[in-house]
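In my numbering, the protein residues as written are 564 to 928.
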């Protein structure tokens, strides 16, 4: 830095003590001290933050996992369990009376085993609701329970035809249910393979098995609805609608699994698969709401003059209907939130150019 002589104005080097022209002493120049920084220092400057969108999908998804899916899964499992106990009590009642089963002892016995299997299936659904996840092993065991449930149901229908001596006729003799359960078993065996061809075959067998199984259940349902002597616990229109929802879900599932085989390596393919599963969950929740609301709309059952075991089963059926309605609402909310999240994800994936990288998140204070 150059020093200027205060007397003659001659420039001098920075280290000079006296003016080189007139010999006058040069002043020692020091820079003024910078003003002290305010307490705590200045905050770092960041780019302006813009208002967030009207909803935060991350928070919604977290809320969904912690509340909606948890409560919906647990209540669904409990409803399954109580429904199963209800039917076991109803079917066991004739055995408490001498000759109460008539010629249908085999039918009642098999159906008790059928709904006992439904009870175990409900326990697994309950556990899945608590874990909020399903592993391949749990999927296999659940599928095996479904296989046993349908095959026992089919055997029960066959026994009903052979033991009733024409007193009770159904539009299904159980053959469709047994064949459907066999196809489901083949699905479970082939589905554990890592080969894409085996998986496609497995899901094709699943599609056929589901159609056959629900054809058998539909035959029994139609007989129940058309029977003039039936005492309706559930309205016929609700039975038909729930059966229709079930077959739609059963058809969508294997198609979604086939899509996943071909498109699982692509992010958009996985999202499409997730959306189809969300649709199945949505349909399932609608069926739950219809079933629960139908049972509740019939009112609290009157048990005057009825045996204790029958009264208990009717009250349990009403309780299961209440739980099923509440569970259906939670499952419906969960499926809608999952679907919205996946739709937002797939819209971002569709509009994202090749080589695009997501920007880093904004800094947090």
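C-beta atoms are modelled at their ideal positions from N, C-alpha and C, and glycine is treated no differently.
Model, not experiment: these values are computed from the prediction.
Residue 664 lies in the alpha helix (DSSP H); which residues open and close that run?
-> No alpha helix (DSSP H) holds residue 664; DSSP gives it neither H nor E.
Taking 8 Å as the cut-off, decide whether the C-beta atoms of residue 831 and residue 909 are in contact.
-> The criterion of a C-beta distance shorter than 8 Å is satisfied by residue 831 and residue 909.
State buried or exposed for residue 580, treating a residue as buried only when at least 16 other CB atoms are found within 10 Å of its CB.
-> The residue is exposed, with fewer than 16 neighbouring Cβ atoms inside 10 Å.
Report yes if the C-beta distance between residue 717 and residue 682 is below 8 Å; otherwise report no.
-> Remark: C-beta atoms of residue 717 and residue 682 do not approach each other more closely than 8 Å.
How big is the Cα-Cα spacing for residue 647 and residue 912?
-> Each residue's alpha carbon lies about 44 Å from the other.
Touch check for the stretch 815 to 825 and the stretch 875 to 890: three-plus C-beta pairs under 8 Å?
-> They do not touch, by the three-pair rule.
Give the single residue among 667, 756, 714 whose Cα lies nearest to the Cα of residue 743.
-> Ranked by Cα distance from residue 743, the options 667, 756, 714 are led by 714.
Under a three-way DSSP split, which group does residue 566 fall into?
-> Strand at residue 566.
Can you tell which of 689, 635, 573, 684 has its C-alpha closest to the C-alpha of residue 710?
-> The option with the nearest alpha carbon to residue 710 is 684.
Within the chosen definition, does the stretch 880 to 900 reach the stretch 626 to 643 through at least 3 CB pairs nearer than 8 Å?
-> Three or more Cβ pairs drawn from the stretch 880 to 900 and the stretch 626 to 643 lie within less than 8 Å of each other, which places the two stretches in contact.
Throw me the rounded Cβ distance for the residue 726 and residue 667 pair, which I believe falls under 8 Å.
-> For a cut-off of 8 Å, the C-beta gap from residue 726 to residue 667 is around 5 Å, short enough to register as a contact.
Cα separation between residue 613 and residue 905?
-> Legend: pLDDT at residue 613 = 45, less than 50; position of this residue unreliable, no value from coordinates given.
Just reading off the alpha helix (DSSP H) that residue 649 is part of, what are its end residues?
-> Where residue 649 is concerned, the enclosing alpha helix (DSSP H) stretches over 632 to 655.
Residues sharing a beta bridge with residue 581, DSSP = Answer is 588.
Counterpart residues of residue 574 in DSSP-defined beta bridges | Under DSSP, residue 574 takes part in a beta bridge, and its partners are 567.
Burial state of residue 722, where buried means 16 or more other Cβ atoms lie within 10 Å | Label assigned to residue 722: buried.
Quick one, are the C-beta atoms of residue 680 and residue 708 less than 8 Å apart?
-> In this structure, residue 680 sits near residue 708, with a CB-CB distance shorter than 8 Å.
What's the gap between the Cα of residue 907 and the Cα of residue 627?
-> Cα to Cα, residue 907 sits roughly 16 Å from residue 627.
Which class does residue 622 belong to by DSSP, given the choice of helix, strand or coil?
-> It is helical.
Give a yes or no on whether the C-beta atoms belonging to residue 835 and residue 814 are separated by under 8 Å.
-> Contact: no.
Terminal residues of the continuous alpha helix (DSSP H) containing residue 757?
-> In the DSSP annotation of this structure, residue 757 is not part of any alpha helix (DSSP H), being labelled neither H nor E.
State the DSSP-derived secondary structure class of residue 880, mapped to helix, strand or coil.
-> Three-state DSSP puts residue 880 in a helix.
Coil, strand or helix - residue 737 by DSSP | Looking at residue 737 - three-state DSSP - the assignment turns out to be coil, as it is neither helix nor strand.
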